[in-house]
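Let me begin by presenting the structure, written as structure tokens, before commenting on it.
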Amino acid sequence: MLRNKTCLTLVAMKGLHKRLGLSLDAREKSSSRLFVLSKHKRVPIFVMMPIDSFCTDTSGDMKIRKIKALTISLKALKLAGVYGIAVEVWWGIVERTSPFAYNWSLYEELFKLISDSGLKLHIALAFHSNMHLSSAVQARVSLPLWIVEIGRHNKDIYYQDRNGLSNDDYLTLGVDQHPLFCGRTALQCYEDFMSNFVNKFEVLIGTLIEEVSVGLGPCGELRYPAHPFGDGRWRFPGIGEFQCYDKYMMEDLKMAAYQEGKPQWGNTGPQNAGYYNSFPSEVPFFVEGHDSFLSDYGHFFLEWYSSKLIRHADVILAKAASILEKYQENEQNTLLLVAKIGIIYWWYQTVSHPAELTAGYYNTAVRDGYDPLASVLSRHGAALQISCFEIRDNETPETYLCSPERLLQQIRTVSKKKIIHLTGRNSYERFDKVNMILSGNIS
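The working numbering numbers the first residue of the sequence shown as 1 and each following residue consecutively.
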């Protein structure tokens with residue numbers, strides 16, 4: 001059972017991460033002090049635990065840094081009116097050393113500190129790494145070490161671009177059904193992790209733990225790593241590149257092309273789709289023409305590429321919903337299941353929306369690519385979390401044809417149509433747009 005709740009996440013890039021939840025239920029009970037937007041809208045505040053709250057000890061295990069200071073901070077946050085804490089639960093920490101060797105001790109200690117402070121929890125199950133995102137060496141979390149070892153011998157377990165360059169922040173969805181991980185498929189690894197989490201913290205779910213978001217890709221978002229800024233391949237506002245060149249995805253593409261009666265389409269991805277930092281006007285595939293995204297081949301490839309992503313989300317969310325079902329249906333202690341997508345707003349005002357296409361969102365001026373995503377979330381009772389609520393069109397470079405406002409409006413419209421809860425977070429640290437975020441885009 002889902003609560004009638006729309007949430008908003010404000011992220012501070014340094015220090016504390018501030019998360020706002022916007023309740024549409026005037027009867028919602030909370031002992032914490034709330035921002036009051038109107039007679040029927042109240043805003044409980046959540047703070048996200050920064051990854052640098054953890055560090056590696058001499059044995060190589062993760063531990064909480066400065067527990068005494070953290071305890072004082074949690075109590076201070078509670079006194080200040082904060083409602084809860086959002087915590088990333090990393091696959092690379094819990095199942096770090098070997099398959100099925102789950103070590104929850106760090107999170108047991110952390111959850112107790114949070115509970116003792118009178119705060120609630122949002123849990124983000126993180127199946128990605130942040131090795132290319134975190135500047136603090138001590139705060140970097142890889143995939144489990146035994147997964148990394150498999151990747152040393154088989155780089156095709158990771159997404160690859162057409163030059164064979166890998167992104168090892170998340171396993172390619174091409175291995176979802178391949179038992180490459182000590183006899184398990186990637187999907188089985190994710191399912192086992194979720195099940196073990198629930199078994200370990202069952203007494204907290206629906207009471208202390210009010211929300212669980214499930215990682216579906218890089219940075220926890222359902223998308224391909226088409227814009228890898230962490231290793232320098234991409235910079236804004238490049239269109240990005242398709243990420244389907246690991247051998248498992250290429251095998252699937254060949255099969256799809258054969259079933260389509262066009263086996264020649266299965267040999268590779270689009271050859272005229274430019275490079276990471278290309279502009280769409282320079283790239284034949286992303287302009288209207290014979291060999292463009294509008295061609296029969298273009299439609300075939302983009303449909304295949306995006307449908308693989310949607311299927312990935314469908315299967316994982318189905319497993320998560322099944323594992324969490326009894327907590328979602330509890331009338332007294334409800335739990336919200338959450339999925340994240342990326343907001344790729346540059347080149348939105350072009351016909352082809354190339355940066356969205358390379359990320360896996362088959363969204364163009366003539367096709368709604370978010371409708372099928374929303375259908376999956378609706379089917380599994382999951383809320384949708386998105387970012388960029390604080391950015392206006394007039395704050396983006398005109399040359400790059402950006403439109404975060406129109407993109408958010410499109411997603412908001414399809415969310416209402418599919419009757420799914422929409423949650424959000426900001427992308428940049430700023431305090432001048434709070435009223436806009438709360439009143440404009442999410443009402």
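Every residue gets a Cβ at the ideal spot worked out from N, C-alpha and C, and that includes glycine.
C-beta atoms of residue i and residue j nearer than 8 Å
i: Ser59; j: Gly92; result: no
i: Met131; j: Val87; result: no
i: Ile64; j: Glu109; result: yes
i: Ile239; j: Ser278; result: yes
i: Gln160; j: Asp246; result: yes
i: Ala273; j: Gly266; result: no
i: Val180; j: Asn154; result: At residue 180 the sequence reads Leu, which differs from the Val that was named. Contact: yes.
i: Tyr170; j: His128; result: yes
i: Leu125; j: Ile85; result: no
i: Arg309; j: Leu222; result: The question names Arg, but residue 309 is Leu in the sequence shown. Yes.
Nearest residue (CA-CA) to residue i, options the options
i: Lys444; options: Phe229, Gly238 and Ser115; result: Residue numbering for the chain in the displayed model covers 1 to 443; residue 444 lies beyond these limits and cannot be assessed.
i: Ser213; options: Leu401, Ala257, Ser352 and Ile123; result: Ile123
i: Asp156; options: Trp146, Arg223, Pro144 and Thr172; result: Thr172
i: Arg80; options: Thr97, Gly118 and Lys112; result: With the sequence shown as reference, residue 80 is identified as Ala, and Arg is not the correct amino acid for it. It is Gly118 whose Cα lies nearest to the Cα of Ala80.
i: Ala320; options: Tyr102, Gly84 and Ser195; result: Ser195
i: Val47; options: Lys68, Glu325, Leu74 and Ser105; result: Leu74
i: Gly220; options: Ile72, Leu384 and Trp234; result: Leu384
i: Glu241; options: Leu302, Gln259, Glu211 and Ile209; result: Leu302
i: Tyr450; options: Tyr348, Pro99, Val89 and Trp347; result: This structure cannot speak to residue 450, because the chain is shown only from 1 to 443.
i: Thr97; options: Trp146, Cys402, Leu377 and Glu405; result: Trp146
i: Glu260; options: Glu288, Asp296, Cys244 and Met250; result: Asp296
i: Lys68; options: Asp61, Leu113 and Gly84; result: Leu113
i: Cys402; options: Gln410, Lys416, His227 and Gln349; result: Gln349
Same chain, Cβ closer than 7 Å to residue i, neighbours up to 5 away in sequence not counted
i: Ala318; result: His380
i: Ala186; result: Leu171, Val175 and Asp176
i: Leu357; result: Phe293 and Leu302
i: Tyr248; result: Asp156, Thr172, Gly174, Val175 and His178
i: Tyr400; result: Pro237, Trp346 and Trp347
i: Pro397; result: none
Contacting residues, own chain, Cβ-Cβ under 6 Å from residue i (five flanking each side not counted)
i: Ile343; result: Ile386, Ser387 and Cys388
i: Val351; result: Ala365
i: Cys182; result: Pro99
i: Lys254; result: Gly266
i: Val198; result: Ile323
i: His458; result: Examination of residue 458 is not possible in this model, given that the chain is present from 1 through 443 alone.
Proximity test, Cβ basis, 8 Å: residue i and chain D
i: Thr172; result: Of the chains in the structure shown, none is chain D; there is only one protein chain.
CA-to-CA distance, residue j to residue i, given in whole angstroms
i: Phe285; j: Glu149; result: 37 Å
i: Val338; j: Ala382; result: 5 Å
i: Lys29; j: Val203; result: Any reading at Lys29 needs caution, since the residue's pLDDT is 31, under 50, leaving its predicted position unreliable; the model's value is listed next. Computed Cα separation, rounded: 21 Å.
i: Tyr275; j: Asp314; result: 30 Å
i: Gly369; j: Tyr361; result: 6 Å
i: Phe300; j: Gly269; result: 11 Å
i: Ser306; j: Lys66; result: 44 Å
i: Val414; j: His290; result: 31 Å
i: Arg367; j: Glu251; result: 27 Å
i: Phe293; j: Val287; result: 7 Å
i: Gly215; j: Ser322; result: 16 Å
i: Leu407; j: Ile391; result: 11 Å
Beta-carbon contacts of residue i that lie in its chain and below 8 Å, excluding the five residues immediately before and after
i: Val283; result: Ile239, Asn272, Ala273, Gly274 and Pro354
**Request:** Run through the segment 279 to 354 for me and flag every whole alpha helix (DSSP H) of 4 or more residues, listed as ranges in chain order.
**Result:** 296 to 328
**Request:** Entirely within the segment 190 to 265 and at least 4 residues each: give me those alpha helix (DSSP H) ranges in chain order.
**Result:** 247 to 259
**Prompt:** Could you give the uninterrupted runs of the alpha helix (DSSP H) lying entirely in the segment 345 to 407, keeping only those of 4 residues or more?
**Reply:** 354 to 359 and 371 to 379
**Complete alpha helix (DSSP H) runs within the segment 82 to 153 (minimum length 4 residues, chain order)** = 91 to 94, 105 to 116 and 145 to 153
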